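From first to last, the protein sequence lines stand for chains A and B.
Count the first sequence with the numbering used here and you get residues 125 to 378, in order.
Count the second sequence with the numbering used here and you get residues 125 to 378, in order.
We put the CB at the ideal spot given by N, CA and C, even for glycine.
Treat the numbers as computed from the prediction; the structure is a model and nothing was measured.
There are 2 protein chains.
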Amino acid sequence: MKFEAIAVEKIPLIHKGDDLPSIICERIELQDRDIIVIASTIVAKTEGEIFRLEDIIPEEQALEIAARTGKDARFIQAVLARSREVFVEAPFMLVTTLAGHTCVNAGVDESNIEHGFLLYPPENSDASASKLGNELERISGKKLSVIVTDTNGRAFKIGQTGVAIGIFKIKPIKRWIGEKDLFGKTLEITEEAIADELAGAANLLMGEGAGGIPVVIIRGLDYYFEGNTSIKESYRPEDMDVLKKGLRCLRNKR
Amino acid sequence: MKFEAIAVEKIPLIHKGDDLPSIICERIELQDRDIIVIASTIVAKTEGEIFRLEDIIPEEQALEIAARTGKDARFIQAVLARSREVFVEAPFMLVTTLAGHTCVNAGVDESNIEHGFLLYPPENSDASASKLGNELERISGKKLSVIVTDTNGRAFKIGQTGVAIGIFKIKPIKRWIGEKDLFGKTLEITEEAIADELAGAANLLMGEGAGGIPVVIIRGLDYYFEGNTSIKESYRPEDMDVLKKGLRCLRNKR
């Protein structure tokens with residue numbers, strides 16, 4: 125049993141409206157059950173999610189946070205506009221986005237694009253993954269899954285890993301229910317976060333900075349799933365999220 | 125650019141004192157810069173970290189937590205004995221272990237071994253990784269890295285992923301410092317948690333339950349590092365850990 129992770133090389137700099145599925149299929153021959161892992165930065169670029177910092181008008185909450193933290197109020201406004209809750213303001217803004225993803229700066233990125241511009245994540249990464257996936261399947265004639273990824277920090281440790289923020293034809297969580305362990309004892313429900321493990325694996329080839337490998341194919345696994353799926357299935361329900369409760373406890377003390 | 129993840133098949137049930145490096149080398153021919161990912165469960169078994177539940181005498185704190193939560197006081201005692209701080213008692217015990225790893229139940233496991241026994245994680249997973257790695261290098265004559273892994277849950281999402289709990293001849297965090305992004309702008313320090321991404325990648329083949337693939341080789345990357353390393357380098361310093369501060373805030377309100 126094995127799998128391969130293959131970088132799709134020489135993807136050009138991406139611009140709004142570029143046909144990413146064609147660009148990918150011109151550079152690699154896809155196979156059934158391939159998982160196409162695509163960095164959200166290029167998905168966002170094709171969707172035109174680039175905005176000028178100087179066009180952003182900070183509103184009251186952004187100005188207040190800027191006053192407290194010394195950060196650029198326009199950047200904060202961009203983050204707030206995409207967030208439904210702010211847990212931490214400094215030294216970084218930890219939020220839950222409108223899409224339900226908890227991460228720093230709502231995924232708003234000021235690196236990798238010309239200075240003075242911000243790159244927003246795709247507005248709906250599941251929808252982006254589906255659009256790309258359907259077109260990739262049409263062009264190639266193969267059964268394909270797609271994972272749109274970002275890099276995020278994590279709890280209790282430093283450093284970032286690749287994470288899934290949108291998916292197509294793959295379940296985000298694989299459930300091992302009622303299977304027996306090596307001694308015949310029935311396992312309680314075990315949930316393996318395969319979409320995030322795949323995103324992390326791909327990130328080993330994607331790298332950061334000018335490495336510039338925004339598409340990686342993972343080949344040899346059997347996760348193709350034709351039903352409806354959403355990355356939201358992996359978000360912890362609010363009432364079961366003790367870490368959020370802790371952050372609110374801190375916030376209420378301020 | 126690509127890498128492979130290869131399951132080492134037909135590893136037998138492991139017992140105390142088994143020669144894991146020989147068992148591995150008999151089943152796969154290793155190459156320079158291979159990363160050997162080994163599930164902590166089998167490392168713990170070779171090290172004899174199996175204890176009878178009935179031999180554990182719960183002390184006062186364990187009895188108090190058991191009274192509050194209804195859990196088995198002996199199991200709680202086993203967790204407490206390996207923990208330096210308890211953040212959450214129920215519905216699961218979230219602790220920081222003596223080794224500095226923040227996880228559920230201090231990694232104490234009651235699945236996959238005969239009923240009535242607990243399997244503890246290796247006492248020092250970096251030391252275990254080094255011992256295994258040195259022997260693997262000696263037998264094979266190759267330059268090898270080792271990662272000892274467990275499966276852990278994560279913040280804000282459901283499900284578990286493979287994570288690194290001990291390492292040998294690989295840095296846990298790859299730093300991309302001062303490299304320029306695609307537009308020539310110098311990146312701030314970016315830290316990629318490669319040991320955890322590798323652990324997650326390997327876990328895609330390891331599975332849970334009776335799947336029973338406790339060793340996976342990752343081949344094709346260039347992370348071999350001969351200096352001293354420790355997984356502790358990846359743990360967030362306490363004074364910079366806002367999530368722990370939040371959990372303490374909740375705990376102080378009880």
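Sort the options by Cα distance to residue i and report the nearest one.
i, options, result
"B/GLN284", "B/GLY290, B/MET330, B/LEU268, B/ALA129", "B/MET330"
"A/LEU260", "A/GLU150, A/LEU374, A/CYS373", "A/GLU150"
"A/ARG198", "A/GLN155, A/LEU187, A/ARG262", "A/LEU187"
"B/VAL287", "B/LYS369, B/ASP320, B/LYS126", "B/ASP320"
"A/ILE135", "A/ALA279, A/PRO338, A/LYS377", "A/PRO338"
"A/ALA191", "A/GLU213, A/ASP179, A/ARG206", "A/GLU213"
"A/THR353", "A/SER254, A/LEU367, A/GLU315", "A/SER254"
"A/LYS435", "A/TYR244, A/ARG343, A/PRO245", "Outside the displayed range of chain A (125 to 378) lies residue 435 of chain A, so it cannot be described from this structure."
"B/MET217", "B/THR193, B/ALA251, B/LYS140, B/LEU345", "B/THR193"
"B/ASN276", "B/TRP300, B/LEU256, B/LEU204, B/PRO245", "B/PRO245"
"A/GLU234", "A/GLY351, A/LYS140, A/ILE200", "A/ILE200"
"B/LEU256", "B/VAL161, B/GLU153, B/MET125", "B/VAL161"
"A/MET125", "B/ILE152, B/GLY141, B/MET125, B/LYS140", "B/ILE152"
"A/ILE355", "A/ILE189, A/LEU204, A/ASP274, A/GLY141", "A/ASP274"
Taking residue i as part of the beta strand (DSSP E), name the residues at either end of that continuous run.
i, result
"B/ASP274", "268-278"
"B/LYS195", "Segment: none, B/LYS195 is in no beta strand (DSSP E) and carries neither H nor E."
"A/LYS298", "298-300"
"A/ILE159", "158-163"
"B/ILE174", "174-176"
"A/ILE341", "339-343"
"B/ARG218", "Note that residue 218 of chain B is Leu in the sequence shown here, rather than Arg. B/LEU218 -> beta strand (DSSP E) spans 218-221."
Tell whether a beta-carbon distance below 8 Å holds between residue i and residue j.
i, j, result
"B/ALA223", "B/ASN248", "yes"
"A/PHE175", "A/PHE241", "yes"
"B/VAL132", "B/VAL272", "no"
"A/SER269", "A/LYS298", "no"
"B/ALA326", "B/PRO296", "no"
"A/PHE127", "B/ALA323", "no"
"B/ILE289", "B/SER164", "yes"
"A/GLU209", "B/ILE282", "no"
"B/VAL228", "B/ALA202", "no"
"B/PHE211", "B/ARG375", "yes"
"B/THR221", "B/ARG206", "yes"
"B/ALA279", "A/ALA279", "yes"
"B/PHE370", "A/LEU367", "Strictly speaking, residue 370 of chain B in this sequence is Gly, with Phe absent from that position. Yes, the pair counts as a contact, with Cβ atoms nearer than the cut-off."
"A/ILE166", "A/ILE138", "yes"
"A/LEU328", "B/LEU177", "no"
Once DSSP output is grouped into helix, strand and coil, what is the label at residue i?
i, result
"A/THR226", "strand"
"B/ASP365", "coil"
"B/LEU243", "strand"
"A/PRO136", "coil"
"B/GLU213", "coil"
"B/VAL232", "coil"
"B/LEU187", "helix"
"B/ARG375", "helix"
"A/ALA334", "For A/ALA334, the predicted model reports a pLDDT of 49, less than 50, meaning its position is unreliable and no value from the coordinates is stated."
"A/SER358", "helix"
"B/GLY370", "helix"
"A/GLY141", "coil"
"A/THR314", "strand"
"B/ALA168", "helix"
"A/GLN201", "helix"
Over what stretch of residues does the alpha helix (DSSP H) that includes residue i continue unbroken?
i, result
"A/GLN284", "Premise fails: A/GLN284 lies in the beta strand (DSSP E), 281-292, not in any alpha helix (DSSP H)."
"A/GLU128", "It is not in any alpha helix (DSSP H) - A/GLU128 instead sits in the beta strand (DSSP E) that spans 126-131."
"B/SER264", "249-264"
"A/GLU321", "318-330"
"B/ILE148", "144-149"
Query raised in the report: Looking at C-beta atoms only, is the number of pairs between the segment 154-174 of chain A and the segment 362-377 of chain A that lie closer than 8 Å three or more?
Result: no
Query raised in the report: How do the segment 176-193 of chain A and the segment 151-159 of chain A stand: do at least 3 beta-carbon pairs fall below 8 Å, yes or no?
Result: no
Query - At least 3 beta-carbon pairs within less than 8 Å: the segment 136-150 of chain A vs the segment 251-267 of chain A - result: yes
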